[in-house]
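Student: Following this message is one structure expressed as structure tokens.
Residue numbers (the working numbering), protein chains in the order written: chain A, 17 to 345; chain B, 10 to 275; chain C, 3 to 383.
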């Protein structure tokens, strides 16, 4: 560990052998930021039996891959992961530590930041690094309607969690880095809970991530019985169904359909938002869409400030008419 | 079972659109926006109430907030909390999550032993989800985020189900611990007229910085490791082109466009 | 004078509002279609303390006052005006029992009325009309320990959904010839009659009560023999009229929300119609009606809570607010233009509700007659 030279560390999350995309996305961003400060980038990987994953990370351009491979690290547990990372950080003193804002990352990062007594910016949607190595994290504020630029001037490492889907996964390249072992000793006291059951669908949210067309519904849909309007239009356009937070909370649609600050960022060619008011926590997730269209009753809805084309009216009239007109083509 | 529930007064999320940015001070103006208890904190309180119904014990509700928020916070007592502790001091102003967590931890260390601390997973305003795991760190107890189910066996083992991407994990552990709960966990109960009357006799105490032993320098704006450099409205796309006419005409115009651009293949 | 609501009042408003917004809307379509009170909500209303809001704690109620009752009914009425209609009549029954009942009667009848086991009613109006209370035709004839009741009561809210009826009947001649009885639905000779098919307040049941040689034990005489007029008028004046004021107040709350929603969403000449002065004036008039209505209703409740004679305040509140509700609903219909007459817009229902509220619990004309007597007596030199 004493020979670790990277000053930007990216925690790459894996569960049961599957690397979370967000880890690769941040790795790509870190690699593009690092030259400004003349730094190198390390990917940090914890788990058990993870050698092949470590090698894959080299293909994504990491200068170093720091590995902690240990049976007690097989399942994520805040206590063990924080203990291993704390020790590594105190020894190698990275300047920046970036973590995906996933279920795991939002559990791990705050606790690690508190252990290290350093600052943490939450749910960042952009990162900047200057030549002096000062990190600025751009985070959604007040439900996402405003953006805050947050720095961490006095303490190190400068930590941030980054929303999934914001940055692109880098192209694979010829590996140039090397794998280094972290001290992975874990005490029983660190192992603060035992995972007794684990379930994860095999294709988590992939349809949204790769969809060319997305039809998303918001709270304006009003009730579960009307959600089918969104689904029918999506199906006609061979697209995926997306959602803002309230329909998920109301149980109209599954959690993995959520787009935005606490969901994911999407890159469709066409996005149609139905009954969506246009709060920034959703809008941040659709900024990369090519063509955005909104259907809303309220001509003053904020969503029209963020879309290319707007239709003002009742979606219960517009969508059936749209489906009929398309079918007549 | 001694349970602590942490709550936060936030601008009512129903009125988020009334929040505006003061361009000169670069701060958010929240006038005309009613203050409410953060919605997920009510799920946290509901979880505590159902545990108290089964195991007995007491629920202490803690909030770091200006004293002017006490009328709003009192709702937590009407819902069933046994006492309310408000951490209020001008020195606390501007605290970031680390500072907030260290202040709440100091207050909890003063109030005594606990089995369980329950928080909402995130707040409707800043939404960082950071205070609860940091609180657990300062108190040296385990924490679990995104909690969607809580089961307790008769011998005191907690089985905690938490959401992960497209799935869940179930962990087993023993008290004490900090749990951050999501909406899926439960439906907060209504506050009845009788509850409102009962709550009036309950104990409300205000603690200032002098009432607790703050071991850490992390208090207030100056003690916060993160600093806000700037706050701004995000850039907007050009205002949308609004299609003209009734539902049928707008639908026809859009259908033409989508068809021309190749989004519909029949 | 202190116009500030207490912390308790504000919390009460907020919690009832939350309950109303969650529980009532899913039932409203059925209420409109069937004209029936949603009995499946009774337990929820009881648990919230709404049924027993003015019933003393020792009889299972919340033990709150009249202003609290008004705030509760206003919040329910904002979502569905039929709710305060049904509940205010139920409250009249609890009011009569609390204020005129014997200890035994209170112990027997009040707890079930608070717990949601049943609804109550005070049944005064007869086919010959409700305004002329003294012209009542229903009779009660004493036979030993039993009174035998004969007659009909009509336009009775909760007739078919209640078990406990407070029924005034003639036991003799003149003002002192009236007595009031607690009649249980299952007493021999007690029946429900016709169900009315109203144009508004459809979620509140209205119908007839029929007494054919109905046998009522003498112990169910309430307020003493010959005191029926005091029971009836006291209950109507102090509980029924402020209750009806709440129906109108609820309507006004809903009317302003619908009017503002439509006026700010509907565009004409590229701008919301709320930019047009004609619409702005309507909005101001509706807003004024709502604000004045609140003042009148809250003042009546406050006077009752402070034991200040409130007959005039209650009559004025009922009469003025229900008329204001009707005229404001009509203005809101006009703001809606042609949409105002479509059933999918709530404003037409509010207009129908307001029409039904005007004669309920005493016509506007009778109220004005009473008020004019007060005014002339007060200001004649």
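Glycine residues also receive a C-beta, built at the ideal position from the N, C-alpha and C atoms.
Distance, Cα to Cα, residue 68 (chain A) vs residue 33 (chain A)?
Tutor: Walking along the first chain from the start, residue 68 (chain A) turns up at place 52. Walking along the first chain from the start, residue 33 (chain A) turns up at place 17. For residue 68 (chain A) and residue 33 (chain A), the distance between alpha carbons rounds to 9 angstroms.
Student: Compare the C-beta of residue 227 (chain C) against all C-beta atoms of chain A and say whether one is closer than 7 angstroms.
Tutor: For the purposes of this step, residue 227 (chain C) is taken as the residue at position 225 of the third chain. Under the Cβ distance rule, residue 227 (chain C) does not count among the residues neighbouring chain A, no pair being separated by less than 7 angstroms.
Student: So what does DSSP say about residue 177 (chain B), is it helix, strand or coil?
Tutor: Working through the second chain from its first residue, we reach residue 177 (chain B) at position 168. Strand.
Student: With distances taken from CA atoms, which of C:264, C:64, C:327 and C:28 is nearest residue 42 (chain C)?
Tutor: Numbered from 1 along the third chain, position 40 holds the residue referred to as residue 42 (chain C). Checking every option, the nearest Cα to that of residue 42 (chain C) belongs to C:28.
Student: Does the distance from the CB of residue 170 (chain B) to the CB of residue 184 (chain B) come in under 7 angstroms?
Tutor: Against the second chain, residue 170 (chain B) aligns to sequence position 161. Against the second chain, residue 184 (chain B) aligns to sequence position 175. It is not a contact, given that the beta carbons lie outside the stated cut-off.
Student: First and last residue of the alpha helix (DSSP H) that includes residue 297 (chain A)?
Tutor: Residue mapping note: residue 297 (chain A) aligns to position 281 of the first chain, counting from 1. Element bounds for residue 297 (chain A): 296-299.
Student: By the 9 angstroms beta-carbon criterion, what residues does the stretch 80-114 of chain B contribute toward chain A?
Tutor: Listed by position along the chain: 105, 106, 107, 110 and 111.
Student: Residue 267 (chain C) touches chain A at which residues, Cβ-Cβ below 7 angstroms?
Tutor: Residue numbering aside, residue 267 (chain C) sits at position 265 when the third chain is read from its first letter. 313 and 314, listed in chain order.
Student: Which word fits residue 5 (chain C), buried or exposed, when buried means at least 16 other C-beta atoms lie within 10 angstroms of its C-beta?
Tutor: Your numbering for residue 5 (chain C) matches position 3 in the third chain. Exposed, by the Cβ-count rule.
Student: Considering only C-alpha positions, which residue in the set C:89, C:61 and C:58 is nearest to residue 73 (chain C)?
Tutor: To locate residue 73 (chain C), count along the third chain from 1; it is residue 71. Sorting C:89, C:61 and C:58 by C-alpha distance to the C-alpha of residue 73 (chain C) places C:89 at the top.
Student: For residue 15 (chain C) and residue 77 (chain C), what's the separation of their Cα atoms in angstroms?
Tutor: In the third chain, the residue the question calls residue 15 (chain C) occupies position 13. In the third chain, the residue the question calls residue 77 (chain C) occupies position 75. Taking the straight line joining both Cα atoms gives about 7 angstroms.
Student: For residue 126 (chain A), decide whether its Cβ has a neighbour in chain B, counting only Cβ atoms nearer than 7 angstroms.
Tutor: Position 110 of the first chain, counted from the start, is the residue given in the question as residue 126 (chain A). Chain B contact via Cβ: present.
Student: Classify residue 35 (chain C) as helix, strand or coil using the three-state DSSP reduction.
Tutor: To locate residue 35 (chain C), count along the third chain from 1; it is residue 33. The answer is helix: DSSP assigns residue 35 (chain C) an H, G or I state.
Student: Is the stretch 210-220 of chain C in contact with the stretch 255-262 of chain C, if contact means three or more CB pairs nearer than 8 angstroms?
Tutor: no
Student: Just curious, the beta strand (DSSP E) that residue 85 (chain A) is in, first and last residue?
Tutor: In the first chain, residue 85 (chain A) corresponds to position 69, counting from 1. Run containing residue 85 (chain A): 80-85, per the beta strand (DSSP E) assignment.
Student: Considering only residues of the same chain and omitting the five flanking positions on each side of residue 275 (chain A), which have a CB-CB separation below 8 angstroms?
Tutor: Translated into the one-based positions of the first chain, residue 275 (chain A) becomes position 259. Here the set comprises 224, 230, 232, 258, 259, 260, 281, 282, 298, 301 and 302.
Student: Is residue 173 (chain B) buried or exposed, if buried means 16 or more other CB atoms sit within 10 Å of its CB?
Tutor: Residue mapping note: residue 173 (chain B) aligns to position 164 of the second chain, counting from 1. Around the beta carbon of residue 173 (chain B), a 10 Å sphere encloses 16 or more other beta carbons of the protein chains shown; the residue is thus reported as buried.
Student: Bridge partners of residue 215 (chain B), per DSSP?
Tutor: Sequence index remark: in the second chain, residue 215 (chain B) carries index 206 (1-based). Note: residue 215 (chain B) sits in a beta bridge opposite B:95.
Student: May I ask you to report which of helix, strand or coil DSSP gives residue 397 (chain A)?
Tutor: Nothing can be reported for residue 397 (chain A), as the shown portion of chain A is limited to 17 through 345.
Student: Using a Cβ cut-off of 7 angstroms, pull out every chain B residue sitting near residue 392 (chain C), in sequence order please.
Tutor: In the structure as shown, chain C begins at 3 and stops at 383. Residue 392 (chain C) is therefore absent and cannot be evaluated.
Student: Which value, in whole angstroms, describes the spacing of the CA atoms of residue 357 (chain C) and residue 108 (chain C)?
Tutor: Translated into positions along the third chain, residue 357 (chain C) becomes position 355. Translated into positions along the third chain, residue 108 (chain C) becomes position 106. Between residue 357 (chain C) and residue 108 (chain C), the alpha-carbon positions lie close to 35 angstroms from each other.
Student: Tell whether a beta-carbon distance below 7 angstroms holds between residue 275 (chain C) and residue 261 (chain C).
Tutor: Taking the first residue of the third chain as position 1, residue 275 (chain C) is located at position 273. Taking the first residue of the third chain as position 1, residue 261 (chain C) is located at position 259. Cβ distance not < 7 angstroms, so residue 275 (chain C) and residue 261 (chain C) don't count as in contact.
Student: For residue 54 (chain B), which residues of its own chain have a beta-carbon under 8 angstroms away from its beta-carbon, when the five flanking residues on both sides are left out?
Tutor: For the purposes of this step, residue 54 (chain B) is taken as the residue at position 45 of the second chain. Hits under 8 angstroms: 14, 16, 68, 70, 85, 88, 89, 90, 127 and 197.
Student: Can you find the residues in the same chain that come closer than 8 angstroms, C-beta to C-beta, to residue 29 (chain B), ignoring five residues on each side of it along the sequence?
Tutor: The residue you call residue 29 (chain B) lines up with position 20 of the second chain. Here the set comprises 37 and 38.
Student: Leaving out the 5 sequence neighbours to the left and right, which residues in its chain are closer than 7 angstroms to residue 313 (chain C) when beta-carbon positions are compared?
Tutor: In the third chain, the residue the question calls residue 313 (chain C) occupies position 311. Once the five neighbours on either side are set aside, the close Cβ partners of residue 313 (chain C) are 239.
Student: Please list the partners that residue 9 (chain C) has in chain B, where partner means a Cβ-to-Cβ separation under 8 angstroms.
Tutor: As a first step, residue 9 (chain C) must be located in the third chain, where it is residue number 7. Here the neighbours are 80 and 83.
Student: According to DSSP, is residue 225 (chain A) helix, strand or coil?
Tutor: Walking along the first chain from the start, residue 225 (chain A) turns up at place 209. DSSP places residue 225 (chain A) in helix when its eight states are reduced to three.
Student: List the residues of chain A that residue 223 (chain B) touches, going by C-beta distances under 9 angstroms, in chain order.
Tutor: Stepping through the second chain from its first residue, residue 223 (chain B) is reached at position 214. Near residue 223 (chain B) there are no residues of chain A at all, since even the closest Cβ is about 14 angstroms away, more than 9 angstroms.
Student: Helix, strand or coil: which one does DSSP assign to residue 253 (chain C)?
Tutor: Taking the first residue of the third chain as 1, we reach residue 253 (chain C) at position 251. Three-state DSSP puts residue 253 (chain C) in a helix.
Student: Residue 268 (chain B) versus chain D: which residues are under 8 angstroms apart at the beta carbon?
Tutor: Note that chain D does not occur in the displayed structure, where the protein chains are A, B and C.
Student: Hey, residue 250 (chain B) and residue 325 (chain A) are a contact pair by Cβ (cut 8 angstroms); roughly how many whole angstroms apart?
Tutor: By one-based count along the second chain, residue 250 (chain B) stands at place 241. By one-based count along the first chain, residue 325 (chain A) stands at place 309. Right, the Cβ-Cβ distance comes to about 5 angstroms (below 8 angstroms), so this counts as a contact.
Student: Under 7 angstroms, Cβ to Cβ, is there at least one residue of chain B near residue 242 (chain A)?
Tutor: Taking the first chain and counting its residues from 1, the one referred to as residue 242 (chain A) is at position 226. Residue 242 (chain A) does not count as touching chain B.
Student: Starting from residue 3 (chain B) and walking both ways along the beta strand (DSSP E), at which residues does that stretch end?
Tutor: With chain B covering 10 to 275 only, the question about residue 3 (chain B) has no answer from this structure.
Student: Taking CB distances under 7 angstroms as the criterion, tell me whether residue 220 (chain A) reaches chain B.
Tutor: One-based indexing of the first chain puts residue 220 (chain A) at position 204. Any answer about residue 220 (chain A) is weak, because its pLDDT of 42 lies below 50 and its placement is not dependable; what the coordinates show is given next. It does: the Cβ of residue 220 (chain A) has a partner Cβ on chain B nearer than 7 angstroms.
Student: Cα separation between residue 116 (chain C) and residue 379 (chain C)?
Tutor: Indexing the third chain from 1 puts residue 116 (chain C) at position 114. Indexing the third chain from 1 puts residue 379 (chain C) at position 377. Rounded to the nearest angstrom, the two C-alpha atoms are 41 angstroms apart.
Student: Does the Cβ of residue 222 (chain B) have 16 or more other Cβ atoms within 10 Å, making it buried, or fewer, making it exposed?
Tutor: Counted from its first residue, the second chain places residue 222 (chain B) at position 213. By the 10 Å Cβ count, residue 222 (chain B) comes out exposed.
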